[in-house]
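Just remember that our numbering sits 728 ahead of the position in the sequence shown, which is counted from 1.
We put the CB at the ideal spot given by N, CA and C, even for glycine.
Computed from a prediction, not measured in an experiment: that's the story for all the values here.
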Amino acid sequence: MGEDLGFIGLGKMGLPLSKNLMEDGHAVSGYDLDPARRKMLEDAGGFSAASARDVAERSDIVFTMLLKPEHIEENTIGPIGIASAGKEGLILIEMSTMHPAWSAGLAADLASRGVRMADAPVSGTVPHVETRTLAYMVGGDEEVYNRILLVIGPLAKNVTHTGKNGSACAMKLVTNLIVNAGVALLAEGLLLGERSGFSKELMMECLTSNAAASFVLDLKGEKILDRDFTPHASLGIYVKDLGLCVDVARDSGFEVPMTAAGLEMFRRAEAAGWKEDDCARIIDVYEGKDK
């Protein structure tokens, strides 16, 4: 039997995730500042809620997937956030990529208001949502983890309990450091290959079968070589997440110079007006097109 679920943040990832939840037999109430996105949820069979509190009043478990901490706070502990509904037993699955200490602090604040929270960021992009091959990392107490696993398990190829609140955000940053900085290095290498006279087909044949083979190459290699900037993972998100990686590393007492160099390249792309494009757009920075 399906659950009564809520989803706040109906963007590129949130809307298709909501649709997957409805396909699994759950009732989904959704909220987004953009009325067009709420209408798309409604057209897919969901309920368009008037506020985050309205979502909570209709739900036992609420997802949030938002860009900035202030957006999450407004929709969770704000005057008409989910906690203001006073819904007994309410659980929040907070899917945004945030600073681990901030995430743990939000969980503590919500607990004082009667809402249990798990931080549950995902590794993957829109195609992984559509094929249900996301990897979930979940931070929070074991009881909450076991409760939400029944809901998120069918959405993913893997779900890992990383420990206490905030730990999943920390693991997501480890993941993003490796992947996002890796995209910058991949673009650099592929441009070297192009300038050496190799075709896309030859490079992909060699690289996917030798020591350079990787998830990042499979995910972004052809997009970079084709100059396909249709967004699966927007460049602006890479800037935000790599900035968090640098901050958390420094808070831990060490520097990440390679990550910082990759961040600078993505910042140049963002400054050129390519924030909403796919991260593959970084190839244009290497070619000097941002100037």
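Under the three-state reduction of DSSP, which class applies to Ala778: helix, strand or coil?
-> Within the sequence shown, numbered from 1, the residue matching residue 778 stands at position 50. Ala778: coil per DSSP, three-state reduction.
Distance between Glu870 and Thr890 (C-alpha atoms, nearest Å) | The residue labelled residue 890 in the question sits at position 162 within the sequence shown. The residue labelled residue 870 in the question sits at position 142 within the sequence shown. Whole-angstrom Cα-Cα distance: 10 Å.
Cα-Cα, which of Gly842, Phe775 and Arg996 is closest to Lys815?
-> Counting from one through the sequence shown, the residue named residue 815 turns up at place 87. Between Lys815 and the set Gly842, Phe775 and Arg996, the nearest pair of CA atoms involves Gly842.
What are the start and end residues of the beta strand (DSSP E) that includes Ala863?
-> By one-based count along the sequence shown, residue 863 stands at place 135. Where Ala863 is concerned, the enclosing beta strand (DSSP E) stretches over Leu862 to Gly867.
Determine the closest residue to Val902 out of Met865, Glu1004 and Arg955, with distance taken between C-alpha atoms.
-> As a first step, residue 902 is located in the sequence shown; it is residue number 174 there, counting from the start. Of the listed residues, the one whose Cα sits closest to Val902 is Met865.
Report the rounded CA-to-CA distance for Ser824 versus Asn904, giving the unit in angstroms.
-> Locating residue 824 in the sequence shown gives position 96, where the first residue counts as 1. Locating residue 904 in the sequence shown gives position 176, where the first residue counts as 1. Distance between the alpha carbons of Ser824 and Asn904 is about 13 Å.
Limits of the beta strand (DSSP E) - the one that Leu738 falls within = The residue given as residue 738 occupies position 10 in the sequence shown. Unbroken run through Leu738: none, as it is neither H nor E.
Which parts of the stretch 913 to 994 are runs of the alpha helix (DSSP H), unbroken and 4 residues or longer, counting only runs that do not cross its ends?
-> Correct list: 928 to 935, 943 to 953 and 963 to 979.
Where do the ends of the alpha helix (DSSP H) carrying Ser746 lie?
-> Translated into positions along the sequence shown, residue 746 becomes position 18. Ser746 -> alpha helix (DSSP H) spans Gly742 to Glu751.
Give the straight-line distance between the Cα atoms of Glu916 and Arg978, rounded to the nearest whole angstrom.
-> In the sequence shown, residue 916 corresponds to position 188, counting from 1. In the sequence shown, residue 978 corresponds to position 250, counting from 1. Looking at the two C-alpha atoms, the distance is approximately 26 Å.
Should Met729 go down as buried or exposed, given a rule of 16 or more other Cβ atoms within 10 Å for buried?
-> Taking the sequence shown and counting its residues from 1, the one referred to as residue 729 is at position 1. An exposed status is given to Met729, since fewer than 16 other beta-carbon atoms sit within 10 Å of its beta-carbon.
CA-to-CA distance, Tyr1014 to Ala896, given in whole angstroms = Within the sequence shown, numbered from 1, the residue matching residue 896 stands at position 168. Within the sequence shown, numbered from 1, the residue matching residue 1014 stands at position 286. Roughly 33 Å separates the two Cα atoms.
Using a Cβ-Cβ cut-off of 7 Å (strictly less than) and excluding sequence neighbours within five positions of Ser746, which residues of its own chain qualify?
-> The residue you call residue 746 lines up with position 18 of the sequence shown. These residues qualify, in order along the chain: Phe735, Leu738, Val756, Gly758, Leu769 and Gly774.
Would you kindly report the start and end of the unbroken alpha helix (DSSP H) that includes Val872?
-> Stepping through the sequence shown from its first residue, residue 872 is reached at position 144. Val872 -> alpha helix (DSSP H) spans Glu870 to Ile880.
Exposed unless 16 or more other CB atoms sit within 10 angstroms - verdict on Ser980 | Counted from its first residue, the sequence shown places residue 980 at position 252. Label assigned to Ser980: exposed.
At what residues does the alpha helix (DSSP H) containing Ala839 begin and finish?
-> Locating residue 839 in the sequence shown gives position 111, where the first residue counts as 1. Its alpha helix (DSSP H) spans residues Pro828 to Ser840.
Where does Gly910 fall in DSSP's three states?
-> In the sequence shown, counting from the first residue as 1, residue 910 sits at position 182. Gly910 falls in the helix class under three-state DSSP.
Give me the Cβ distance between Ala811 and Ile805, rounded to the nearest whole Å; I'm assuming they're in contact under 8 Å.
-> The residue you call residue 811 lines up with position 83 of the sequence shown. The residue you call residue 805 lines up with position 77 of the sequence shown. Ala811 to Ile805, Cβ: 5 Å. Contact.
Test item: CB-CB of Ala829 and Asn893 under 7 Å = For this step, residue 829 is matched to residue 101 along the sequence shown. For this step, residue 893 is matched to residue 165 along the sequence shown. If you check the CB distance, Ala829 and Asn893 do not come in under 7 Å.
Assign Met986 to one of two classes, buried (16 or more other C-beta atoms within 10 Å of its C-beta) or exposed (fewer than that).
-> Residue mapping note: residue 986 aligns to position 258 of the sequence shown, counting from 1. Met986 comes out exposed.
Would you grab the beta carbon distance between Arg781 and Ile808 for me? Rounded to a whole angstrom, and I think it's under 8 Å.
-> For this step, residue 781 is matched to residue 53 along the sequence shown. For this step, residue 808 is matched to residue 80 along the sequence shown. At roughly 5 Å, the Cβ-Cβ gap stays under 8 Å, so Arg781 and Ile808 are in contact.
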